[in-house]
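S.K.:
Number of protein chains: 2
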Amino acid sequence: MPQRHPQPIVTVDVVLLTLYKTELCAALARREREPFEGQWTLPGGWVHADEDEDALSAAGRILKTKAGLESPYLEQLQTFANRHRDPRGWSVSITYYALVPYEQVKGEQVQWRAVDSIRSLPFDHLNILRTAVSRVRSKTLYSSLPVHLMPKTFTLSELQRVYEQVLSSPLDKRSFRRRIEELDVVEVVPGAIESSGAHRPAQRYRLKKRFDGALAVADRNLGLKVG
Amino acid sequence: MPQRHPQPIVTVDVVLLTLYKTELCAALARREREPFEGQWTLPGGWVHADEDEDALSAAGRILKTKAGLESPYLEQLQTFANRHRDPRGWSVSITYYALVPYEQVKGEQVQWRAVDSIRSLPFDHLNILRTAVSRVRSKTLYSSLPVHLMPKTFTLSELQRVYEQVLSSPLDKRSFRRRIEELDVVEVVPGAIESSGAHRPAQRYRLKKRFDGALAVADRNLGLKVG
């Protein structure tokens, strides 16, 4: 069957997010070729139809190559597909977002920038970035998503702080703890009690195994409007 | 810049949904060429890079050509992209879902089938269909989405019935009305009071202009668990 229409370019781009100090940051990678050679963009690349099994594995390959990451939390965001987004012609970007604890980030190929400080990017990457940040913030209100930004073990106060940093907004402690309990995604680390200085000793928690690459979703928000 | 990798096929497929009698139904179209020639699949086709502005307008073109629809509620669902879904090779399907009142459906090119009765479809279309139905049902719980299945004017009881039919589940009338009021998407049709037989006369409503192609989202569900 002959192809009667010119076919679009197919790429995968990834919004890789971490929390560095108190800021939600995105990874940018330097482009190695035209267009926009030498500029910083979202990590991405062509689909390699001869080696990638599917779009998700293309995203995984990109994260591994550009940021040394093995298996961060990775989810499809949206597809941006039109005539204008790439100077080379009609193009499709299947986009993903990934969350990773700062401790796991390796490699010097990416640069981290606070998402709210990024004002322009080549292609339509600013739009893709903002779509991802808005998705992550709205999911944070109703799910266990930010758990994937945490180190292996953490206290509930640390977890709440990460939620608050992603949202740039305080949460009510009692509602937050009640909802996290309902979500049933974390478990006590046996014997791991943290006692530091003036504070009461705090229990350390970890993500339950079955939520490794998964989310729990609440039917009410996690405390934002209650606080 | 030479392309070093073979490029995928790029198609757009649409899950077009309506409510017929009391059932959520999807439109199927007969394929005019191989693969699967003569079989019923989701309406879809190649992106025409030379005429489509973007993927959304490709979806609009497909709906217009195959179902005579001008501007139904249309939203991107997800992109299915892998080596296995199409016998012609690595392929991308950018998928959309559309909602339309049964009254607006034209043309004999599509066949309507109750979504819960469809057991197999060519390609990965059954998976796409199920993803769409699950998205529509979960959005129905928290938003004004099913309003786009309604005729121009309707009573609140008719609206509740449509929500219940999409969800296959009853809703609590008081919670439902309170949430619909909070969503602020419908307005009274002046003078349109329906009086039929034994029932109390019921006010007719219509969608507010600014929600024509849009959604209002609630922060709590619309009554399912309250009932």
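Each protein sequence line maps, in turn, to chains A and B.
Residue numbers are given in the numbering used here: position 112 of the first sequence equals residue 116, and the series is strictly consecutive.
Residue numbers are given in the numbering used here: position 35 of the second sequence equals residue 39, and the series is strictly consecutive.
Glycine residues also receive a C-beta, built at the ideal position from the N, C-alpha and C atoms.
Computed from a predicted structure; not experimentally measured.
So, helix, strand or coil for A218(A), using DSSP?
M.R.: Residue state, collapsed to three classes: coil.
S.K.: Does the structure place the region 59-73 of chain A close enough to the region 113-121 of chain A that three or more beta carbon pairs sit under 8 Å?
M.R.: The region 113-121 of chain A vs the region 59-73 of chain A: in contact.
S.K.: Looking only at its own chain, which residues have a Cβ that is under 7 Å from the Cβ of T135(A), when we skip the five neighbours before and after it?
M.R.: Counting only Cβ-Cβ distances below 7 Å, and skipping sequence neighbours, we find L81, Q82.
S.K.: I believe L211(B) touches V193(B) by the beta-carbon criterion, under 8 Å. Please report the beta-carbon distance rounded to the nearest angstrom.
M.R.: With a Cβ gap of about 11 Å, L211(B) and V193(B) do not count as contacting.
S.K.: Just tell me which of T159(B), R65(B), T157(B) has its CA closest to the CA of D17(B).
M.R.: Closest by alpha carbon: R65(B).
S.K.: Can you tell which of Q169(A), R165(A), E27(A), L171(A) has its C-alpha closest to the C-alpha of K177(A)?
M.R.: Comparing Cα positions, the closest option is R165(A).
S.K.: Along the chain, where does the beta strand (DSSP E) that runs through V14(B) open and close?
M.R.: Its beta strand (DSSP E) spans residues 13-24.
S.K.: Going by alpha carbons, who is nearest to K156(A) out of S199(A), Y209(A), R35(A)?
M.R.: It is Y209(A) whose Cα lies nearest to the Cα of K156(A).
S.K.: By the criterion of Cβ-Cβ separation under 8 Å, what are the contact partners of H152(A) in chain B?
M.R.: Chain B residues near H152(A): none, gap ~20 Å exceeds 8 Å.
S.K.: DSSP three-state label for N86(A), please.
M.R.: Residue state, collapsed to three classes: strand.
S.K.: When DSSP labels each residue in this structure, what does L28(A) get in the three-state scheme?
M.R.: Here L28(A) sits in strand by DSSP.
S.K.: Measure from the C-beta of R87(B) to each C-beta in chain A and report whether the shortest distance is under 9 Å.
M.R.: True, the Cβ-Cβ gap to chain A drops below 9 Å.
S.K.: Count the other CB atoms, across all protein chains shown, that sit within 10 Å of the CB of G48(B); report buried if there are 16 or more and exposed otherwise.
M.R.: The residue is buried, with at least 16 neighbouring Cβ atoms inside 10 Å.
S.K.: Counting only C-beta atoms, is Q11(B) closer than 9 Å to chain A at any point?
M.R.: Chain A, which has a Cβ nearer than 9 Å to the Cβ of Q11(B), makes this yes.
S.K.: Which residues in chain A have a C-beta closer than 7 Å to the C-beta of T83(B)? List them in chain order.
M.R.: Near T83(B) (Cβ distances below 7 Å), the residues of chain A are A59, Q80, T83, I98.
S.K.: In angstroms with no decimal places, state the Cα-to-Cα distance between R87(B) and G195(A).
M.R.: Spanning the two alpha carbons is a distance of roughly 47 Å.
S.K.: Tell me, please, whether the CB atom of G93(B) is closer than 9 Å to any CB atom in chain A?
M.R.: Closer than 9 Å: yes.
S.K.: What are the uninterrupted segments assigned as alpha helix (DSSP H) that are 4 or more residues long and contained completely in the region 92-161 of chain A, given in chain order?
M.R.: Here the runs fully enclosed are 129-144.
S.K.: Mapping the DSSP letters down to three states, classify E198(B) as helix, strand or coil.
M.R.: Strand at E198(B).
S.K.: Taking the alpha-carbon positions, what's the V230(B) to V221(B) distance?
M.R.: Any answer about V230(B) is weak, because its pLDDT of 38 lies below 50 and its placement is not dependable; what the coordinates show is given next. So the two alpha carbons sit approximately 18 Å from each other.
S.K.: Does the CB of A102(B) have a neighbour CB from chain A at under 9 Å?
M.R.: Taking Cβ atoms only, chain A never reaches closer than 9 Å to A102(B), which makes this a no.
S.K.: Write down the C-beta distance between L23(B) and Y106(B) rounded to the nearest angstrom, noting that I regard them as a contact closer than 8 Å.
M.R.: Going by Cβ atoms, the distance from L23(B) to Y106(B) rounds to 6 Å, so yes, they are a contact pair.
S.K.: By the criterion of Cβ-Cβ separation under 8 Å, what are the contact partners of A53(B) in chain A?
M.R.: Within chain A, the residues near A53(B) are H9, P10, Q11, P12, R87, G93, W94.
S.K.: Please state whether DSSP places R35(B) in a helix, a strand or coil.
M.R.: Looking at R35(B) - three-state DSSP - the assignment turns out to be coil, as it is neither helix nor strand.
S.K.: At the 9 Å Cβ level, is T22(A) part of the contact set with chain B, yes or no?
M.R.: Not one chain B Cβ lies under 9 Å of T22(A).
S.K.: Taking the straight line between their C-alpha atoms, what separation do you get for K213(B) and A62(A)?
M.R.: So the alpha carbons of these two residues sit roughly 42 Å apart.
S.K.: Taking the alpha carbon of E55(B) as the point to measure from, which residue in Y167(A), E168(A), T15(A), P10(A) has its own alpha carbon closest?
M.R.: The option with the nearest alpha carbon to E55(B) is P10(A).
S.K.: Would you grab the beta carbon distance between S97(B) and P12(B) for me? Rounded to a whole angstrom, and I think it's under 8 Å.
M.R.: 10 Å between Cβ atoms; not a contact.
S.K.: Grouping DSSP H, G and I as helix and E and B as strand, with all else coil, what is G231(B)?
M.R.: The predicted model places G231(B) with a pLDDT of 36, which falls under 50 and marks its position as unreliable; any figure quoted below should be read in that light. Coil, per DSSP.
S.K.: Can you check which of these residues, K25(B), L46(B), K143(B), L171(B), is closest to E36(B) by C-alpha distance?
M.R.: Comparing Cα positions, the closest option is L46(B).
S.K.: Under the rule that 16 or more other beta-carbon atoms within 10 Å means buried, what is P205(B), buried or exposed?
M.R.: Classification for P205(B): exposed.
S.K.: Report the residue ranges of all alpha helix (DSSP H) runs contained in full by the region 173-197 of chain A; include only those spanning at least 4 residues, in chain order.
M.R.: Within the region 173-197 of chain A, the complete alpha helix (DSSP H) runs of at least 4 residues are 177-187.
S.K.: In this structure, does DSSP put L164(A) in helix, strand or coil?
M.R.: Before going on, a small fix: residue 164(A) reads as Gln here, not Leu. Reduced to three states, the DSSP call for Q164(A) is helix.
S.K.: Specify the secondary structure class of M5(A) as computed by DSSP and reduced to three states.
M.R.: Only weak support exists for where M5(A) lies, its pLDDT of 46 falling under 50; the coordinates are left without a value.
S.K.: Can you give the Cα-Cα distance for R139(B) and P39(A), rounded to whole angstroms?
M.R.: Each residue's alpha carbon lies about 37 Å from the other.
S.K.: Around the C-beta of D216(A), are 16 or more other C-beta atoms found within 10 angstroms, so that it is buried, or is it exposed?
M.R.: Exposed, since its Cβ has fewer than 16 Cβ neighbours within 10 Å.
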